[in-house]
Structure formats: structure tokens, C-alpha cells
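Residue numbers (the UniProt record's numbering): 1 to 459. What follows is one structure encoded as C-alpha cells, with my remarks underneath.
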């Protein structure tokens, strides 16, 4: 009786309004160019939609939104090192989706690989063997450091960390994990246990048990933690680290620190997990930051730029000794969409572009140039800029206060340069442009940075 009632209620529901709205949205999506009136409609619908159906908090958070919340810059298209808003204004992208556009926006080779695969098959059956997953795993075994060999594919950085933690737990019955302060590893309950930022953690306490945090860069505290855990029978399973902390403000490790962590893990029989979600795929001047520091982890987490800025994609790559715990039952950790054909095609093409165009080396060279020029400008305004640091094209600009940082990032945005500073977290903002950014574009960013600092200094 209930089923019949439900069916009758569904028959009475009028979908004509939403159908008309859907058709209008789809008609705009298919257009290469839209009119001024259509752009105004898109802007209005975007602001209203965020207020009423997404989350009104984003209207306070985004620096693109006017104070009366009635207008915002709405992104619409992208290419190369830039994106355009719905009104056609172009911005040099020095945020890069927090590091997803390493091979540029809509790289033609990546788009072609995904389109070619889409024309044949979009998703896999989940039962037959899918070829691109095997091929991508073989490629990763070739290009990752040391004897990393087996891959598990996911859709995001958080998922890659979650899978790494579960893999480490299956590998050993040890229950203690060491992470570091200021670390960011994701916001799912497992990855959030490794993340260090209190504002993200407090509403969801207690976290997954067994995680301890020590100061990043402090090898002596880490050693004492290892020793204490061993003394009380809570031996460390794994240490999880970002080789360079991204969300924490582009914090570089002290000289020799990562090698010392590797040695500690070997001494106490623990695993070393490198979260290279942000530092991987050429960002810091080598294909993986681990290579730049001469360290081979036991488990490597990848995402962000792994899908070439076209598909959401990530991976966990591990040594055979670690990964083999999943051999008897590969269904202990699975994902419906991870390693799908479109994502694998994107990742394979991305790796091809990175190697063929020597983008890791380019990141090192252009990054050194950009870092030097930014420092020259920053040194002219010591009352505003505290420090500028980085490696490759992962650069952090730290100001004396959040307020200064926000004003600078807002000023850059108004002049067509996007960086990561936001209203709630601007003391340090990140500069993470595509690795394909031209020297001319870098010079424009530097000139704009100086112009904004001069204006703010006069105030």
C-alpha cells in the first residue's frame, strides 16, 4: 500500500520547472561564447545557488565576492597558465587549484587521451581486467623512487592517505602512527587523524586512536617519541610526512631531516609514508620531492596533478613487502571509481608530458628565477613581508599578519593574478602556478606583486 501511494505522489510531482532550468544550463554549457546577458544570468545564479543550496559560508570566504554578496567573479574557461571569468577577464593562475595544473590548464595531450578513451569506454565493468590500470601501474613502478612497485588508484589526495594508513595497518599489528604539527593529510576521519590543524579536528574528536604529533623538523623529539612508544609496548607502525608542508605554509625540512627520519624508521622497524599529493609530479624540481632529498619511502601518496588537471585521480604506490598483505584478499580496500579508464588515460598522458617537456627540470629553473625575483621585491617592503621561501614552483610568501596577506592577495586578484590567500588564512599564501608558466607571465606576476605592495605601503 505504501509503495502505491509513493508512486502516485511521484506521478503528481511537476518537473516542468526544473526541466526548463536544466535545458537552459545545458544550452549554455555547449556554447563556446556566451552573451553579456547570459554572463549576468550565470553570475546571478551562481551567487544565489551558493547562498541557498551549496553553502553561504563560501560567499564570506571567497575574495572574489563583493561585500554585499550580490556579485562575484565566476570562473568559466581555462587554457595554458590562465583562466577566464564569465565576463572574459583573464587571470594568471598562481594558485593552480592548490597544485593540480602542473602540465597547464587543459593540456592538449591530456585532453586528447581522455577524449579518445571516452569515445571508446568511460568506466570499467569492475569484473573484467581493465588494461589502463595495469599499464599505469607499470609506468609508476618505473618512475617512482627505489623499489616502489605496486599501485592502488584512488580519486583524491585524502583517499590516497586513507589507503596508505589502512595498508600500513594491514602490514603490521602495530597501532601507533607519528605525524607532524602543521601537517595536512586530508579531512576524512582517518586522514584527519594525521592532519594537525585543530580547527579541522576539534568538531570530530576523538580521532582514530594511535596518532601522535611531533614538531616538523625536530628529529630529536621524533626519536624520543619512538623510544617512548617502544618502552610502553606501543611500537610505531609508520611515520607520515609531507616532504615539504604545503597547507602549513610551504615549510621546508631542515638539512638532512628527511634522511634522518628514514634512518629512524629503519632502526625501529617502522614504515615511512610520504604524502606527495602536493609535492609530486614535478612540482618541486624533481618528479617526486623524495628524489630531491635522496629518500625512498615505503609508501608514496599521489593525487592533485596526477590527473593532469583534467580528471580527479590519485595513487598509493608501495614496496612489494608492504603491499603484499593485500594479495590474499584484494577486496579489503576498494573504490568504485578509483583507477577508472578516463583517470588512468589522463595520468598516463600527464606523465608523458612531464617527461617529454622536462617540466620537473623547468620547475627547478623557473622556480629559482621566480623565488629570487619575489625576494628582491619582498626585501623592499620588510614592514609587510616577513619571509619568502620555496622549492621549485612551490613558493610561500609570509606576511606579518593575516590582514596584510589578505590585502595583498586581494590586490593581486584585482589585477589579474590568482594566489591562495583567503580571508581566514592569509599570513602565508602559496604560489603554485602551472609548471608551463612562461617567463613573461612570471615577470608580470612579479611586477603586479610590487605594484600591490607599493600601494599597500603607502596606505
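Backbone N, C-alpha and C define an ideal beta-carbon position, used for all residues, glycine too.
In this structure, residue 398 lies near residue 387, with their beta-carbon atoms less than 8 angstroms apart. Here the alpha carbons of residue 56 and residue 265 stand approximately 45 angstroms from one another.
In this structure, residue 114 lies away from residue 354, with their beta-carbon atoms at least 8 angstroms apart. Nearest Cα to residue 271 within the set 148, 137 and 363: 148. Beta-bridge analysis with DSSP links residue 314 to 154.
The C-alpha of residue 403 lies about 46 angstroms from the C-alpha of residue 269. With a 10 Å radius around the Cβ and a threshold of 16 neighbouring Cβ atoms, residue 245 comes out buried. Taking a C-beta distance under 8 angstroms as the contact criterion, residue 160 and residue 303 qualify as a contact pair. Pairing residue 316 with residue 192, the inter-Cα distance amounts to about 17 angstroms.
In terms of Cα proximity to residue 89, the closest of 349, 72, 126 and 186 is 72.
DSSP links residue 236 through a beta bridge to 176. For residue 184, the CB contacts under 6 angstroms within the same chain, skipping 5 residues up- and downstream, are 195 and 247 in chain order. As for any beta strand (DSSP E) of minimum length 3 sitting wholly inside the segment 83-121, the runs are 90-93, ordered along the chain.
In this structure residue 439 is exposed. Its beta-carbon is surrounded by fewer than 16 other beta-carbon atoms within 10 angstroms.
In the structure shown, the three-state DSSP call for residue 245 is strand. Following the DSSP letters along the chain, one finds residue 271 in no alpha helix (DSSP H) but inside the beta strand (DSSP E) bounded by residues 271-275. Here residue 391 is buried, its C-beta having at least 16 other C-beta atoms within 10 Å. DSSP places residue 409 in the helix class (H, G or I) of the three-state scheme.
In the DSSP secondary-structure assignment, residue 78 is bridged to 83.
In the DSSP assignment, residue 437 falls outside any beta strand (DSSP E), carrying neither H nor E. Closest in alpha carbon position to residue 340, among 433, 127 and 100, is 127. The distance from the Cβ of residue 232 to that of residue 225 is about 11 angstroms, inconsistent with a contact at the 8 angstroms cut-off. Within its own chain, no residue has a Cβ closer than 8 angstroms to the Cβ of residue 33 once the five positions on either side in sequence are excluded. Boundaries of the beta strand (DSSP E) harbouring residue 428: 428-431, taken from the DSSP string. Within 10 angstroms of the beta-carbon of residue 189 lie fewer than 16 other beta-carbons, which makes it exposed.
Using a Cβ distance threshold of 8 angstroms, residue 323 and residue 150 count as a contacting pair.
By the criterion of a C-beta distance shorter than 8 angstroms, residue 118 is surrounded in its chain by 342, once the five residues flanking it on both sides are discounted. For residue 31, no beta strand (DSSP E) encloses it, and the DSSP letter there is neither H nor E. The DSSP-derived three-state label of residue 208 is coil. Taking 8 angstroms as the cut-off, the beta carbon of residue 139 is found no closer than this to the beta carbon of residue 299. Burial state of residue 278 is buried, judged by a 10 Å Cβ sphere holding 16 or more other Cβ atoms. When secondary structure is reduced to three states using DSSP, residue 171 falls in the helix class.
Shown here for residue 104: same chain residues with a beta carbon closer than 6 angstroms to its own, the five before and five after excluded, namely 80, 434 and 436 in chain order.
The DSSP-derived three-state label of residue 363 is helix.
Here residue 442 has 370 as same chain residues with Cβ atoms under 6 angstroms from its own Cβ, once five neighbours each way along the sequence are excluded.
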